[in-house]
Every structure is written in structure tokens, then in C-alpha cells.
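Residues 7 to 161 (the numbering used here) make up the sequence shown, in order.
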Amino acid sequence: MDRDDAPLGLLLGLAYQQVVTELHDHLATEGFTALRPAFGYAFKLIAAEPLTIRELATRLEITHQGAAKLVDDMVEAGYVERVPDPADGRVKRLVRTERCRALMESGIAFQREFEKQLSAELGDEATAAVRLALSRVIDRSDKPDGLARSLRSMP
């Protein structure tokens, strides 16, 4: 099967994997290691507001246990810390560390450069069409919460 015959969903998945691979390679050269693909989604959600593990699990649409493991890994890597909730000290909220903020800035710079390179290869009009098509696919989600809504609100 050549690319012209490949299902669109397969091409989207492979393209996503390539972008993530290039992003992680870029971040590794900047000294950001011990990353997992789910970290980026969690970082974006935590950047918007400090969350509890349960809130993070709900927004990521994963189990509480899965979110707890993810948070443990992010804390161990130095990207997130648990802090007491100002309204209830028994509750812990997740906040990004300076290391996480720097990682996200590096990731944003990578994304800008990636799109710039794509525009150089495809042209500005074709790149805008790709962006529009992908945005329309995201907008098809009818879920009131979770990743699709999170991604819809991206600047």
C-alpha cells in the first residue's frame, strides 16, 4: 500500500507520531528528558489552572490511578509539584515547576519552527488548509470536557 491508498486515519496517526518524535528529539537536545507523550496534555491543563489528581484524570479522560501514576512520573522528573490548596490544606493541587515552564516554551518554539518548515515545503496556503482540516476534525467532538475542548481553546 502506498501513501495515496493509505487510510486517512493511519496517515494522521503516523504524522502525529512523527511530530512527537521530532518534538521529543528537540526537547532532549535542550536537556528535557524523561518525557512521556501524555505529559504535554497534562502540562497544558495544569498551566490553565492548578488541578487535583482527580480533576486531571477527568480532563484527560483516564482513571484516577492512571493520573496518579502520571503525576508521580511528572513530579519525579521535576516538571510538576504538589502544593496545598489555599482553601483546604488537605487537598493537593498540581502546579508546573520552572523546569516545566521552560520545557513548554521550548516546545512552543519547536511548534512554530515545525509549522514554518512545513510552510516552506508545502506553501502557506496548503499549510493553512491542513490546519483548518485538522481543526475541523477536532471540532467534531461532542464531549463537554476533556482533550478536545482543551485543544479547541488553544491560541
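C-beta: ideal position from N, C-alpha, C; glycine also.
Can you say whether residue i is buried or exposed, counting buried as having 16 or more other CB atoms within 10 angstroms of its CB?
i	result
residue 70	exposed
residue 76	buried
residue 26	exposed
residue 73	buried
residue 129	exposed
residue 97	exposed
residue 161	Since pLDDT at residue 161 reaches only 41, below the 50 mark, its modelled position is unreliable, and the value read off the structure follows with that caveat. It counts as exposed.
residue 113	buried
residue 89	exposed
residue 40	exposed
Taking only the alpha-carbon atoms, compute the straight-line gap between residue i and residue j and give it to the nearest angstrom.
i	j	result
residue 124	residue 91	43 Å
residue 60	residue 13	36 Å
residue 159	residue 62	Only weak support is given to the placement of residue 159: the predicted model assigns it a pLDDT of 48, under 50, and the value that follows is read from those uncertain coordinates. Whole-angstrom Cα-Cα distance: 17 Å.
residue 24	residue 111	20 Å
residue 66	residue 122	29 Å
residue 115	residue 143	24 Å
residue 109	residue 9	34 Å
residue 107	residue 99	17 Å
In the structure shown, what three-state DSSP assignment does residue i receive?
i	result
residue 10	coil
residue 137	helix
residue 40	coil
residue 142	helix
residue 148	coil
Which runs of the beta strand (DSSP E), 3 residues or longer, sit entirely within the stretch 52-128? 86-90, 98-102
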